[in-house]
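*Asks:*
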Amino acid sequence: MSDFRAFLVGKWDAAAAAAGMLRSSPSEAKRRILDGSLQLLVQYNPAHIAISHDEVLCELRFPDDDTENKEGTGQLQFEAPTSEVLPQHAVLINVSPLVRYWLPQSWMSVMTMKLMRGHSLFVLDLPLLKPQRLDKKLLQYGIEVVDAMHDPHFALGFNSSGAWASVNHFHLQGFLMDELHGLLSGSPKRFPILNQQRSERFRFGSVVVYDFPSWPMRCYAVGIDTSTTQQKSKDSHERDALVNSVWRFVELLQTRNVAHNALIAHDELDSPLVIVFPRQLQRESGLGLVEHGRDVTTTAVSSSGGLRFAIAELAGLVIAGNERTFHGFTQDQYARILETELSLSEDEMNDLTALWRRQLETINGNLS
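With the UniProt record's numbering applied, the sequence shown has no gaps in its numbers, which climb one by one up to 368 at the end.
#1: My understanding is that residue 217 touches residue 342, with C-beta atoms under 8 Å, so please give their C-beta distance in whole angstroms.
#2: Suppose you measure from the CA of residue 280 to the CA of residue 318; what does that come to, to the nearest Å?
#3: What is the DSSP secondary structure of residue 35, reduced to helix, strand or coil?
#4: Considering only DSSP beta bridges, list what residue 30 is partnered with.
#5: Taking one C-beta from the stretch 250-264 and one from the stretch 144-164 each time, how about it: are there three or more such pairs within less than 8 Å?
#6: For residue 222, which beta-bridge partners are listed by DSSP?
#7: Any contact between the stretch 134-145 and the stretch 245-255? By contact I mean 3 or more CB pairs, one from each, below 8 Å.
#8: Closest to residue 285 by C-alpha separation, out of 192, 313, 271, 270, would be which residue?
#9: Where are the beta strand (DSSP E) runs, 3 residues long or more, that stay fully inside the stretch 302-344, in chain order?
#10: Between the Cα of residue 6 and the Cα atoms of 338, 240, 150, which residue gives the shortest distance?
#11: Checking 9 Å against the spacing of the C-beta atoms, do residue 330 and residue 35 come in under that value?
#12: In its own chain, which residues sit with a C-beta less than 8 Å from the C-beta of residue 359, not counting the 5 before and 5 after it?
#13: Under the three-state reduction of DSSP, which class applies to residue 256: helix, strand or coil?
#14: Considering only C-alpha positions, which residue in the set 316, 257, 46, 310 is nearest to residue 39?
#15: If I follow the unbroken alpha helix (DSSP H) through residue 346, where does it start and stop?
#16: Tell me which same chain residues have a C-beta within less than 7 Å of the C-beta of residue 153, skipping the five on either side of it?
#17: Residue 249 by DSSP, collapsed to three states: which one?
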């Protein structure tokens, strides 16, 4: 376990142990693997209540000011030990409702959640809360966080506006997928999409763009071909090329007002891999596919029974809002939703791909 992972999970566990910090426990969730080649996961937590606003704030560099512990305000600040990954840590645990903090730009916020142990929200670069819109610097920060974790089971997710962003301040969702493995025998230790076969579409230098021929939604993964680099993902030139290529695609989607989700993870060789899902605008999906009762308890499903597909769902972890969905959902239904209600059309994707390639060729020359 990396120092960074041990640090974050330790703080999550400390928060979970605090009285009233979490309103439901991830251990109460029910989970199952769907029949089929995609090995999809479905989870349902009958005790799950609406999102709380309990926070853990972690700083990548200790602040220059002499902020003191705020006793009596529901906040506690402390330092974590020095490590190679993060030279110093300052952590602020806040159990009061979310407010606008004035903080140094280097601060990162982790909001404790209940999807699984360690499921958190990372709010990066926080002089003030920012809108839920990815920019190049925040994309780079996200890739650096994943790389610093040194853990193939860890991933960060992003939901744009129009793609089920849960709150309108910039954040990435942190997932420790192997935490599900101990609770469900035989479950994959990564998001199911990461275990699917990838097909190379084009490359420039050591940066490769892939698609997933067997995945029911049109999307692209961008990674580094570590066979062409001596230091894997540590080479700053290769990392910059990865960030630039992903950013060009995300910026194109923003310019054309295309909703999107993204997953920042590791490939098989512990090198960063970013998957971008251009999509149709958010709506309740799968209406009528599964017969629903009135036992709706979470924000993942509406009173009409429609599922809300954000980054976890697109990557293969479906959060059911009631017992009937949990027991009745199938891989065929999942594929039908992604193909008909979420994916862009083939023509739309081809247009976006052509524009993206032209931009990359302008910067890098002809692509192979």
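All C-beta atoms, glycine included, are put in the ideal place defined by N, C-alpha and C.
*Replies:* Result, derived from the coordinates:
#1: Taking the first residue of the sequence shown as 1, we reach residue 217 at position 217. Taking the first residue of the sequence shown as 1, we reach residue 342 at position 342. Beta-carbon to beta-carbon, residue 217 and residue 342 are separated by about 6 Å, close enough to satisfy the 8 Å threshold.
#2: Position 280 of the sequence shown holds residue 280. Position 318 of the sequence shown holds residue 318. The straight-line gap from Cα to Cα measures roughly 18 Å.
#3: Here the question's residue 35 lines up with position 35 in the sequence shown. Residue 35 falls in the coil class under three-state DSSP.
#4: Position 30 of the sequence shown, counted from the first residue, corresponds to residue 30. Answer is 44, bridged to residue 30.
#5: With the cut-off at 8 Å, the stretch 250-264 and the stretch 144-164 touch.
#6: Working through the sequence shown from its first residue, we reach residue 222 at position 222. Under DSSP, the beta-bridge partners assigned to residue 222 are 209, 274.
#7: Touching, yes, given that three or more Cβ pairs across the two stretches are closer than 8 Å.
#8: As a position in the sequence shown, residue 285 is number 285, starting the count at 1. Of the candidates 192, 313, 271, 270, the one whose C-alpha sits nearest the C-alpha of residue 285 is 313.
#9: As far as the stretch 302-344 is concerned, its whole beta strand (DSSP E) runs of at least 3 residues are 317-319.
#10: Sequence index remark: in the sequence shown, residue 6 carries index 6 (1-based). Looking at 338, 240, 150, the one whose alpha-carbon comes closest to that of residue 6 is 150.
#11: What you label residue 330 is simply residue 330 of the sequence shown in a count that begins at 1. What you label residue 35 is simply residue 35 of the sequence shown in a count that begins at 1. Remark: C-beta atoms of residue 330 and residue 35 approach each other more closely than 9 Å.
#12: Here residue 359 corresponds to residue number 359 of the sequence shown, with the count starting at 1. A distance below 8 Å between beta-carbons, with the five flanking residues on each side excluded, links residue 359 to the following residues of its chain, in chain order: 248, 252.
#13: The count along the sequence shown starts at 1 and reaches residue 256 at position 256. Residue 256 falls in the coil class under three-state DSSP.
#14: As a working mapping, residue 39 is identified with position 39 in the sequence shown. With distances taken between Cα atoms, residue 39 lies closest to 316.
#15: Within the sequence shown, residue 346 is the residue found at index 346, counting from 1. From DSSP, the alpha helix (DSSP H) with residue 346 extends over 346-364.
#16: One-based indexing of the sequence shown puts residue 153 at position 153. Once the five neighbours on either side are set aside, the close Cβ partners of residue 153 are 176, 177, 178, 189, 190.
#17: Here residue 249 refers to the residue found at position 249 when the sequence shown is read from its first residue. It is helical.
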